[in-house]
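In my numbering, the protein residues as written are 14 to 418.
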């Protein structure tokens, strides 16, 4: 039996908590109190579900990947299609929930940070839907990698603030978003995009993302008459993975989280925070992170902007520490191969983040008998990553990117 977490102090075992400036303690306590009331309020939950159904398009389908299964010759592979959500990723589930909470608290200005741009687009979308202002912080490197999503955010009316500090990626965008929130917490609501940050954010994002696993469990039982043998999801901060895993934690199902191994976990160029990280504090929570012997954050690396983060959600750190979830990794090259394999066998172009989960699922399914099943959380679609793929494949083949275009 898995312990019910977090506890009253926001702790997941040794992980989680609130490591923030005193200025933010009161805003966090206000959010925690209102979240608890909202989660116990039937009218709030019904409004959340109504918007998911009629605006986002839930429930998302469970797709049997018949061609991929036949190609591999092992376990049957199913896909939970979060890529078919409005805005193209699971991020909208959380954005709708937090926007409703902000509205309930009387806040009309949203702050968000984004790496791959999926959370930024989701935040800008709900801000437009609810008539709110929205500021999105984004590293300059990620803005270059995700030009399409930057344009989408601006089209939706959001202000995108470039961040030029550090490695100019998600970590640095999060730093700037927190700094801005400290100075504007009286009238702004900070919409964190993953199960990271101080309590109650990891719990809040989990509660708004568990719809993925709740739906998948019901759909899988109806389709196969049993639960999946293995569930696989990619892990950066870890919101799609915790949303998928949480409803299955008490069941006899093998759960596998896949981190970004980048150019290899034996090189400095990866984002495998559980596999290679150590305990420490980042962005307000105790968790596993990439740091040196002096406690300075090490820059992560992944071809995927969404997985390029030096920490991981504290609940994932807890689940790893007790051995309930197995965390493995996939390299850039393995993810790209899986990206192409899914596109060419099933006609589905996944986000590069999701392709990391596909890579590990392919490896597992090949070794499993044909009467067993693997469920992959396909967290988002790959439209945003097409330019990255063109550059990667063009460079690999020694071609000029202009010619590839």
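All C-beta atoms, glycine included, are put in the ideal place defined by N, C-alpha and C.
Item	Value
DSSP on residue 154, reduced to helix/strand/coil?	helix
Use the C-beta contact count for residue 163: other C-beta atoms within 10 angstroms, 16 or more gives buried, fewer gives exposed.	buried
With a threshold of 8 Å between beta-carbons, can residue 22 be considered close to chain C, or not?	The displayed structure is made up of one protein chain only, and chain C is not part of it.
Please classify residue 292 as buried or exposed, where buried requires at least 16 other C-beta atoms within 10 Å of its C-beta.	exposed
Rank 362, 383, 235, 84 by C-alpha distance to the C-alpha of residue 101 and give the top, closest one.	362
Just to check my reading of the structure: residue 258 and residue 244 have Cβ atoms closer than 8 Å, yes? What is that Cβ distance to the nearest angstrom?	7 Å
If you drop the 5 nearest sequence neighbours on each side, which residues of the same chain put their C-beta closer than 7 Å to that of residue 61?	109, 110, 113
By DSSP's criteria, residue 77 is part of a beta bridge. Which residues make up the other side?	91
Whole angstroms is fine: what's the gap from residue 342's alpha carbon to residue 333's?	14 Å
What do you reckon, are the CB atoms on residue 390 and residue 225 nearer than 8 Å?	yes
Between which two residues does the beta strand (DSSP E) holding residue 267 run?	267-275
Going by DSSP, what residues sit across from residue 388 in a beta bridge?	91, 244
Quick one: Cα of residue 178 to Cα of residue 210, how far?	20 Å
Could you give the DSSP three-state label for residue 122: helix, strand or coil?	strand
Which residue or residues does DSSP assign as beta-bridge partners of residue 292?	301
Report the CB separation of residue 123 from residue 236 in whole angstroms; it is logged as a contact under 8 Å.	Not quite, the Cβ-Cβ distance comes to about 37 Å (not below 8 Å), so this is no contact.
Do residue 274 and residue 344 have their C-beta atoms within less than 8 Å of each other?	yes
Identify the continuous alpha helix (DSSP H) that holds residue 132 and give its terminal residues.	131-143
Here's a check: name, in chain order, each residue in its chain whose Cβ is nearer than 6 Å to the Cβ of residue 137, leaving out the five neighbours to either side.	147, 166, 169, 171
Check this for me: beta carbons of residue 128 and residue 186, under 8 Å apart or not?	yes
By a C-beta neighbour count over all protein chains shown, 10 Å radius and 16 as the cutoff for buried, is residue 416 buried or exposed?	Since pLDDT at residue 416 reaches only 41, below the 50 mark, its modelled position is unreliable, and the value read off the structure follows with that caveat. Exposed, because fewer than 16 other Cβ atoms sit within 10 Å of the Cβ of residue 416.
In whole angstroms, what is the alpha-carbon distance linking residue 380 and residue 86?	9 Å
What is the DSSP secondary structure of residue 33, reduced to helix, strand or coil?	coil
Here's the rule: buried if 16 or more other CB atoms are within 10 angstroms of the residue's CB, otherwise exposed. What is residue 92?	buried
Going by C-alpha to C-alpha distance, which of 219, 121, 31 sits closest to residue 3?	Shown here, the chain extends from 14 to 418; a query on residue 3 therefore has no answer.
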